[in-house]
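Going by this note's numbering, the sequence shown runs without a break in its numbering and finishes at 124. Here's the structure we're looking at; comments come further down.
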Amino acid sequence: MARAHQAQDGTRRPTCLLATRNPAKQRELLPLLADVPVRWLTLADLPEAPEVAETGATFEENALLK
Numbered sequence: 059m060a061r062a063h064q065a066q067d068g069t070r071r072p073t074c075l076l077a078t079r080n081p082a083k084q085r086e087l088l089p090l091l092a093d094v095p096v097r098w099l100t101l102a103d104l105p106e107a108p109e110v111a112e113t114g115a116t117f118e119e120n121a122l123l124k
């Protein structure tokens with residue numbers, strides 16, 4: 059579920075999670091998502107989030123596990 063975030067320009071934007079701790083994935087995906095009007099967090103921003111084994115057969119299955 060997304061939370062609202064007050065942006066520097068005063069607008070309220072949802073906060074969304076890119077569910078990865080992989081720095082290479084973050085470097086690849088975050089620039090592609092830069093124009094999406096949300097505040098992006100990654101699992102690196104949530105150190106209390108548990109480690110989840112990626113045992114799914116697809117990227118979608120692994121995302122759902124997280």
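Quick reminder that beta carbons are idealized off the backbone N, C-alpha and C, glycines included.
Check: Residue 72 - DSSP class collapsed to helix/strand/coil; Outcome: strand
Check: Check whether residue 77 and residue 101 have beta carbons under 9 angstroms apart; Outcome: yes
Check: N- and C-terminal bounds of the alpha helix (DSSP H) containing residue 87; Outcome: 81-90
Check: Contact between the stretch 100-114 and the stretch 73-91 (3+ Cβ pairs under 8 angstroms); Outcome: yes
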